[in-house]
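Trainee: Sharing a structure with you now.
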Amino acid sequence: MHRGFSIQIIFAILTPIMKRILVLQLRPEDETSDNEYEAFLHRGKMLPEETERIRIEKHGIPQIDFDKYAAILVGGSPFDISTPEEQKTTIQKRIEGDFTELLNEIIDRDFPFLGACSGNGLLGRHCGATISETYSEPVGGTDLTLTEEGMQDPLLAGLPQTFRVLVGHKEACDFTPEGATLLGSSAACPVQMFRVGKNVYATQFHPEADPEVFSVRIEVYKDYGYFPADAAKSLTLAVQNEDTPHAHTFLERFVDKYLREAN
4 MHRGFSIQII FAILTPIMKR ILVLQLRPED ETSDNEYEAF LHRGKMLPEE TERIRIEKHG
64 IPQIDFDKYA AILVGGSPFD ISTPEEQKTT IQKRIEGDFT ELLNEIIDRD FPFLGACSGN
124 GLLGRHCGAT ISETYSEPVG GTDLTLTEEG MQDPLLAGLP QTFRVLVGHK EACDFTPEGA
184 TLLGSSAACP VQMFRVGKNV YATQFHPEAD PEVFSVRIEV YKDYGYFPAD AAKSLTLAVQ
244 NEDTPHAHTF LERFVDKYLR EAN
């Protein structure tokens with residue numbers, strides 16, 4: 004056997020296989036999908052090779068080998084869970100069905116998971132909450148206030164009890180799912196953040212977002228009904244003054260706890 008080839012085999016045996024964070028995305032537009040993924044990398048302080056990215060809006064969720072991953076991240080989407088079933092597209096129905104199976108296993112394993120915005124709604128509905136437009140929030144910044152349980156959560160401990168986050172959603176959980184722990188609320192959205200078990204998190208806000216990220220989304224989604232299309236310019240100007248470092252700290256801590264510790 005060639006000596007160099009032998010060394011490669013030995014090195015491969017001795018080198019542990021690095022677990023990665025699985026990023027599941029639901030945004031059909033390349034611009035917003037790429038922008039969201041880059042934001043997760045930037046604010047989570049991850050390298051691309053520390054993640055595996057799957058755009059599930061194309062083909063649904065594949066069979067997942069949980070042993071390969073340290074955690075799962077799910078971002079936002081223009082799909083609305085509260086849309087009447089007969090009006091949902093075939094791919095949206097498939098995604099929601101796939102998430103039922105995925106979340107069953109995530110909760111059974113208490114597998115590290117963070118669902119932001121759409122991920123929040125998917126987890127909330129799975130756990131028994133109704134999702135409606137009752138607690139929608141306009142695009143922009145809002146104050147998130149941590150509950151007592153939130154202030155004690157290991158990913159939030161030491162942060163101010165109230166801090167700014169970026170939001171923009173037409174629907175939200177009507178109440179905290181039974182058995183879940185409410186971690187944070189805002190004035191317009193009582194269920195802004197919750198946890199199931201010890202490791203399964205959901206946020207209605209976008210922990211990866213900053214003014215630049217939201218500027219991209221405002222332009223792309225200006226005709227999607229989140230706000231009047233002619234308000235796009237004023238909204239873009241308004242979010243430029245938003246600073247959300249504590250939301251980013253939460254995402255960074257999630258990555259540190261589950262990705263760094265797993266490797």
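To convert, take the position in the sequence shown, counting from 1, and add 3; that gives the working numbering.
Ideal placement from N, C-alpha and C gives every residue a C-beta, glycine not left out.
Only a predicted model underlies this, so the values are computations on that prediction, with no experimental measurement involved.
Less than 7 Å between the C-beta atoms of A175 and F197, yes or no?
Mentor: Here residue 175 refers to the residue found at position 172 of the sequence shown. Here residue 197 refers to the residue found at position 194 of the sequence shown. Cβ distance not < 7 Å, so A175 and F197 don't count as in contact.
Trainee: Would you list the one or two residues that DSSP bridges to V168?
Mentor: In the sequence shown, residue 168 corresponds to position 165, counting from 1. V168 is bridged to T145.
Trainee: Between L158, D246, P157 and P31, which lies nearest to Y227 when the distance is taken from Cα to Cα?
Mentor: Your numbering for residue 227 matches position 224 in the sequence shown. Closest option to Y227, Cα to Cα, is P31.
Trainee: Please report the straight-line C-alpha distance between G78 and A190, rounded to a whole angstrom.
Mentor: Stepping through the sequence shown from its first residue, residue 78 is reached at position 75. Stepping through the sequence shown from its first residue, residue 190 is reached at position 187. Cα-Cα distance, rounded: 23 Å.
Trainee: What does the alpha-carbon distance come out to for the pair L44 and E34?
Mentor: Mapped onto the sequence shown, residue 44 falls at position 41. Mapped onto the sequence shown, residue 34 falls at position 31. Whole-angstrom Cα-Cα distance: 16 Å.
Trainee: By a C-beta neighbour count over all protein chains shown, 10 Å radius and 16 as the cutoff for buried, is A160 buried or exposed?
Mentor: The residue given as residue 160 occupies position 157 in the sequence shown. The residue in question, A160, is exposed, as its Cβ has fewer than 16 Cβ neighbours within 10 Å.
Trainee: Can you tell me whether DSSP reads S218 as helix, strand or coil?
Mentor: The residue given as residue 218 occupies position 215 in the sequence shown. If DSSP states are grouped into helix, strand and coil, S218 belongs with the helices.
Trainee: Within this structure, are the beta carbons of A119 and H209 separated by less than 7 Å?
Mentor: Start at 1 with the first residue of the sequence shown, and residue 119 comes out as number 116. Start at 1 with the first residue of the sequence shown, and residue 209 comes out as number 206. Cβ atoms of A119 and H209: closer than 7 Å.
Trainee: CA-CA distance, L126 and L106?
Mentor: Position 123 of the sequence shown, counted from the start, is the residue given in the question as residue 126. Position 103 of the sequence shown, counted from the start, is the residue given in the question as residue 106. Distance between the alpha carbons of L126 and L106 is about 7 Å.
Trainee: Between M21, I59, T150 and L29, which has its C-alpha nearest E52's C-alpha?
Mentor: For this step, residue 52 is matched to residue 49 along the sequence shown. Closest option to E52, Cα to Cα, is M21.
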